[in-house]
């Protein structure tokens with residue numbers, strides 16, 4: 004089969020389209036014919052190399068997989084999937100029975116791993132995944148939409164709903180409106196009845212952010228004191244919830260936007276991991292700082308159900324052909340996108 008691989012960590016030039024053996028599903032696994040695979044910043048970090056990450060080379064990245072069932076491994080029949088079924092994959096894999104999994108804290112499982120990061124993923128014509136990670140995609144829902152939603156929307160849903168517990172009429176600030184996670188957070192915030200604030204880097208991205216539900220948008224490249232502007236826009240109430248996955252470059256200002264009792268939640272730091280914190284504000288204003296990774300299986304199925312029902316709609320920035328995957332990486336590296344970048348592998352069946 005064809006796959007986009009890298010043989011060593013490094014720049015985008017390390018990606019190459021090659022022929023590799025077709026993987027065989029083991030017990031409890033299913034082989035998927037990949038239709039689409041969407042990009043995430045995780046793909047770039049995995050390619051560059053993460054501390055402690057040891058991979059079998061050549062590595063196949065890609066976490067957001069949709070496609071059709073190709074071959075069933077032993078013991079998977081009871082799940083009801085048949086060859087040809089349209090499915091989407093939950094890239095987060097846990098054991099399902101440890102104390103963390105029983106508590107609904109799947110990402111804290113000792114065996115937790117992410118397809119495309121720790122194991123081979125969907126930048127290939129075929130991918131082998133656990134049958135427990137599959138969810139059917141209804142007719143009428145494009146496989147491209149399902150791939151675009153899987154990782155970003157579960158990450159956003161857990162942050163906003165599961166961790167920060169955003170309530171109606173609260174103020175929500177989402178940093179960096181152009182990312183897939185941020186566009187998901189904006190939509191989820193509006194769905195829950197919050198007033199949504201965001202910052203971004205161009206007039207076009209401001210327009211697009213408003214189109215998906217943002218109530219107030221500030222261009223941080225033109226307003227270097229955006230935290231003060233947002234505070235004024237909120238009527239000096241401040242933010243009840245802040246989603247900041249930008250990290251070092253924005254953290255101090257994000258904390259300054261929080262009102263009394265505010266919660267700030269992060270799922271990463273694209274500009275760096277070292278954060279500054281003034282503990283006086285933390286205890287005096289009753290702030291809460293939360294980390295969040297991916298979601299549990301129930302949360303993933305809930306948010307995918309909302310996507311299927313049309314209550315949430317993934318924003319697709321660009322679709323690239325399989326051979327053009329390096330160009331897709333470059334687009335994300337240069338922060339040109341608004342929403343999700345999607346790779347067409349086989350595309351929709353019979354299309």
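Residue numbers (this note's numbering): 4 to 354.
A virtual CB, placed ideally from N, CA and C, is assigned to each residue, including glycine.
**Study point:** residue 189 (DSSP reduced to helix, strand or coil)
**Key:** Taking the first residue of the chain shown as position 1, residue 189 is located at position 186. In the structure shown, residue 189 falls within a helical segment according to DSSP collapsed to helix, strand and coil.
Practice item. Please classify residue 258: does DSSP put it in a helix, a strand, or coil? Key: Here residue 258 is taken as the residue at index 255 of the chain shown, counted from 1. Of the three classes helix, strand and coil, the one that applies to residue 258 here is helix, per DSSP.
Check your understanding: Going by other Cβ atoms of all chains shown within 10 Å of its Cβ, with 16 needed for buried, is residue 227 buried or exposed?
Key -> One-based indexing of the chain shown puts residue 227 at position 224. Classification for residue 227: exposed.
Exercise for review: Pull up the CB-CB distance for residue 131 and residue 34, whole angstroms please, since I reckon it's below 8 Å.
Suggested key: Locating residue 131 in the chain shown gives position 128, counting from the first residue. Locating residue 34 in the chain shown gives position 31, counting from the first residue. Beta-carbon to beta-carbon, residue 131 and residue 34 are separated by about 5 Å, close enough to satisfy the 8 Å threshold.
Review point. Residue 266: buried (16+ other C-beta within 10 angstroms of its C-beta) or exposed?
Key: Indexing the chain shown from 1 puts residue 266 at position 263. Around the beta carbon of residue 266, 16 or more other beta carbons lie within 10 angstroms, which makes this residue buried.
Check your understanding: Are the stretch 243-254 and the stretch 209-217 in contact at 8 Å, needing three or more beta carbon pairs?
Key -> At 8 Å Cβ cutoff, the stretches do not touch.
**Study point:** Nearest-angstrom Cβ-Cβ length linking residue 15 and residue 333, presumed shorter than 8 Å
**Key:** Numbered from its first residue, the chain shown carries residue 15 at position 12. Numbered from its first residue, the chain shown carries residue 333 at position 330. Contact between residue 15 and residue 333 holds: CB atoms are separated by about 6 Å, below the 8 Å threshold.
Practice item. Report all residues from its chain with a CB closer than 6 Å to the CB of residue 299; omit the five preceding and five following residues, and keep chain order. Key: The sequence position of residue 299 within the chain shown is 296, counting from 1. Excluding the 5 residues flanking it on each side, residue 299 has same chain C-beta neighbours closer than 6 Å at 107, 109, in chain order.
Point to revise | Where residue 341 falls: helix, strand or coil (DSSP) | key: In the chain shown, counting from the first residue as 1, residue 341 sits at position 338. Coil at residue 341, not helix or strand.
Exercise for review: Examine the Cβ distances between the stretch 144-162 and the stretch 289-309 and report whether three or more of them are shorter than 8 Å.
Suggested key: By the Cβ test, the stretch 144-162 is in contact with the stretch 289-309, since at least three Cβ pairs between them sit closer than 8 Å.
**Study point:** Complete runs of the alpha helix (DSSP H) confined to the stretch 268-324 [at least 4 residues]
**Key:** Correct list: 282-287, 300-311.
Review point. When we look at the beta-carbon of residue 280 and count the other beta-carbons within 10 Å, is it buried (16 or more) or exposed?
Key: Within the chain shown, numbered from 1, the residue matching residue 280 stands at position 277. By the Cβ-count criterion, residue 280 is exposed, with fewer than 16 other Cβ atoms from all chains shown falling within 10 Å of its own Cβ.
Check your understanding: With a CB to CB cut of under 6 Å and the five nearest residues on each side skipped, what residues in its chain are close to residue 271?
Key -> The residue given as residue 271 occupies position 268 in the chain shown. Cβ contact annotation for residue 271 (same chain, cutoff 6 Å, sequence separation greater than five): 248, in chain order.
Exercise for review: Please confirm whether any heavy atom of the ligand ZN lies closer than 7 Å to the CB of residue 321.
Suggested key: This structure lacks the ligand ZN, and indeed carries no ligand of any kind.
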